[in-house]
Structures are given as C-alpha cells and as structure tokens.
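Below is one structure; the comments refer to it alone.
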Amino acid sequence: MTNDNIDNPPPPQAVTHEQHQYDRMMVVLHWVLALALIAQWALGNWMVDLPKEPPGYRAGWFNLHKSLGLVMGLVILWRLGWRVTHSVPAPVATSALWQRAVSKLNHGLLYLCMLALPISGFLGSSFSAYPVKFFGVALPRLFEPQPDMKSMLAEVHETVAFVFAALVALHLLAVVWHVMFKRDGLLKRMMWGS
Ligand code: HEM
Ligand code: HEM
Numbered sequence: 019m020t021n022d023n024i025d026n027p028p029p030p031q032a033v034t035h036e037q038h039q040y041d042r043m044m045v046v047l048h049w050v051l052a053l054a055l056i057a058q059w060a061l062g063n064w065m066v067d068l069p070k071e072p073p074g075y076r077a078g079w080f081n082l083h084k085s086l087g088l089v090m091g092l093v094i095l096w097r098l099g100w101r102v103t104h105s106v107p108a109p110v111a112t113s114a115l116w117q118r119a120v121s122k123l124n125h126g127l128l129y130l131c132m133l134a135l136p137i138s139g140f141l142g143s144s145f146s147a148y149p150v151k152f153f154g155v156a157l158p159r160l161f162e163p164q165p166d167m168k169s170m171l172a173e174v175h176e177t178v179a180f181v182f183a184a185l186v187a188l189h190l191l192a193v194v195w196h197v198m199f200k201r202d203g204l205l206k207r208m209m210w211g212s
C-alpha cells in the first residue's frame with residue numbers, strides 16, 4: 019500500500035506575491051527629493067541673476083544652493099543604493115511595450131541627471147577661487163582655481179539642469195495622462211499605504 023502523501027506529494031503551490039507598490043522608503047525618498055530638487059532648480063535659476071552688491075548677498079544664496087545640493091547628493095546616493103538592492107513593482111499591465119520603454123528610459127535618465135547635477139555643481143565650484151562652504155564650514159580645497167574648468171563645468175551643470183527639467187515635465191505629463199485618461203491607479207503605486 020502506498021502512501022500518496024509521501025510518494026506523490028502535491029505540487030508546491032506557486033507562491034506569487036506580486037508587488038503592486040513601491041516600498042515605503044522609495045515613496046518617502048521619491049517625494050522628499052521631488053520637492054527638494056524642484057526647489058533647488060528654482061533657487062539655482064533665480065540666484066544666477068542676483069546682483070553682486072551688496073557684498074555677500076549673492077554669495078550667501080550661492081552657498082545655500084551648494085550646501086543644500088550636497089545634502090541632496092547624499093540622499094540621491096542613498097536612493098540609488100536602495101533602488102538597486104530592492105525590488106520595484108512590474109510596469110503597469112495596461113501599458114504598451116513602447117510606453118514601458120519610454121518610461122524606463124525617462125526614469126534612467128532622471129537618475130543620471132540626479133547624479134550629474136550635484137557632481138557637476140560640486141566639481142565646478144571646486145575649481146572656483148572661493149572655497150565651497152557647507153553651511154558656513156569651508157570644505158578642503160580639491161583643486162587649484164581654474165577659471166576655464168569652472169566655466170566648462172558651469173555649462174555642464176546648466177545643460178544638465180535644463181535636460182532634467184524637460185525629463186521632469188515629461189514625467190509629469192505621463193502621470194497626468196495615467197491619472198486622467200487611463201485611470202489605472204499608477205499614482206497609488208508611489209503613495210504611502212495600500
Ligand atoms: C523632481 C521631480 C521628480 C523626480 C526627479 C522623479 C523621479 C522619479 C523616478 C526616477 C521614478 C522611477 C522610480 C523607479 O522605478 O526607480 C519615479 C516614479 C514615479 N513618479 Fe516621480 N519624480 C518626480 C516628480 C514626480 C511628481 C511631481 C509626481 C506626481 C505628480 C511623480 C509621480 C511618480 C509616480 C506615480 C511614479 C511611479 C511610476 C511607475 O509606477 O512606473 N513624480 N519618479
Ligand atoms: C542637487 C541638485 C542641483 C540642482 C537641481 C541644481 C540646479 C541648478 C540650476 C538650475 C542652476 C542655474 C543654472 C544657470 O542658469 O546657470 C544652478 C546653478 C549653480 N549651481 Fe546648482 N544645482 C544642484 C546642485 C548643486 C551643487 C551640489 C552645487 C555645488 C556644490 C551647485 C552649484 C551651483 C553653482 C555654483 C551655480 C551657478 C553657476 C554655475 O556654476 O552653473 N549646484 N544649479
């Protein structure tokens with residue numbers, strides 16, 4: 019007499035726990051950085067037109083931009099580290115292949131800009147004659163002042179900031195399209211709670 023339970027065990031149940039949302043850390047990092055980066059972008063564009071008089075006025079805003087940007091750079095590294103070590107939900111089922119490809123490209127380029135902005139800003143500032151001050155504390159000098167390098171990196175910083183704004187605009191348009199026309203709950207994937 020055979021024992022079915024031992025000789026013919028039932029097939030293991032496929033345990034599929036499909037992830038429908040980004041985890042809470044990703045949600046917090048996404049929204050904190052979204053707000054911070056938009057404010058930082060606006061501050062950068064505003065401060066470059068400030069007058070050089072009275073002395074210290076323009077420099078004060080520049081130093082604030084640099085200090086905030088360095089903090090954001092650290093948070094961005096944290097976010098990237100989290101992103102590569104944790105899983106994310108699969109693309110929304112209703113999206114066509116080309117839409118998934120565009121979305122993936124957009125997200126990848128957003129991450130690239132998020133890295134390039136603090137790096138180009140910090141390197142450019144490190145070639146300036148003024149030390150980079152982190153909330154008032156002068157950081158050790160990395161390079162001798164080199165005006166050419168400073169201007170070249172300032173151009174890079176400005177160009178990346180421009181591309182970043184275009185990518186964020188596309189990102190927003192895609193979210194609006196999902197929310198208003200597709201109504202597929204995309205925004206909920208990046209929200210707290212279930
Ligand atoms: C500076 C502003 C922003 C940046 C840099 C940014 C960046 C990103 C990135 C990189 C992702 C991909 C996450 C991943 O899979 O690793 C993402 C996803 C997402 N973002 Fe943003 N975002 C910004 C603003 C916003 C805003 C304002 C909204 C809503 C109005 C929004 C809604 C979403 C949603 C719903 C997702 C999930 C998309 C999906 O499930 O495929 N984002 N964002
Ligand atoms: C973290 C994200 C950052 C964003 C979104 C950002 C954005 C911007 C924008 C939009 C401008 C105006 C560009 C122009 O019209 O010339 C700007 C200028 C500037 N940023 Fe940033 N920035 C960031 C980080 C940093 C960091 C970390 C530093 C330095 C430590 C920095 C240093 C500067 C300086 C010195 C300028 C003035 C001119 C120039 O060199 O381009 N930025 N930034």
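Position one of the sequence shown corresponds to residue 19 (our numbering), numbered consecutively onward. Glycine residues also receive a C-beta, built at the ideal position from the N, C-alpha and C atoms. These numbers come from a predicted model, not from an experiment.
Cβ-Cβ separation, residue j to residue i (assumed contact under 8 Å), whole Å
i	j	result
Gly87	Gly139	5 Å
Lys206	Val150	Their Cβ separation, rounded to whole angstroms, is 41 Å, which puts Lys206 and Val150 out of contact at 8 Å.
Leu185	Val193	Contact flag wrong, Cβ pair sits at about 13 Å.
Ile94	Leu51	7 Å
Ile107	Tyr40	Looking at the sequence provided, one finds Pro at residue 107 rather than Ile. Between Tyr40 and Pro107 the Cβ distance is about 7 Å, and since that is below 8 Å, they are a contact.
Val89	Ala134	About 17 Å; that fails the 8 Å criterion.
Phe145	Pro158	Actually they do not touch by this definition, with Cβ atoms about 14 Å apart.
Pro136	Gly62	Going by Cβ atoms, the distance from Pro136 to Gly62 rounds to 12 Å, so no, they are not a contact pair.
Three-state secondary structure assigned by DSSP to residue i
i	result
Lys70	coil
Ala147	coil
Phe153	coil
Met209	coil
Asp22	Because the pLDDT of Asp22 is 48, which lies under 50, any placement of that residue in the model is unreliable, and the number read from its coordinates should be weighed accordingly. Helix, per DSSP.
Gly203	coil
Phe161	coil
Ala179	helix
Asp166	helix
Gly62	helix
Glu36	coil
His196	helix
Check: residue i C-beta below 6 Å from any heavy atom of ligand 2
i	result
Met209	no
Pro136	yes
Leu98	no
Asn81	no
Ala179	yes
Phe140	yes
Leu88	yes
Gln58	yes
Gly62	yes
Glu162	no
Lys84	yes
Ala172	yes
Ser143	yes
Val66	yes
Glu176	yes
Checklist line | Runs of beta strand (DSSP E) lying entirely within the stretch 98-146, each at least 3 residues, in chain order | finding: The qualifying runs do not exist here; there are none.
Check: For ligand 1, which residues count as neighbours when the test is a C-beta closer than 7 Å to any heavy atom?
Finding: That query returns the following residues: Tyr40, Met44, His48, Leu51, Ala52, Leu55, Ile56, Arg101, Val106, Pro107, Pro109, Val110, Ser121, His125, Leu128, Tyr129, Met132, Val186, His189, Leu190, Val193, Leu204, Leu205, Arg207 and Met208.
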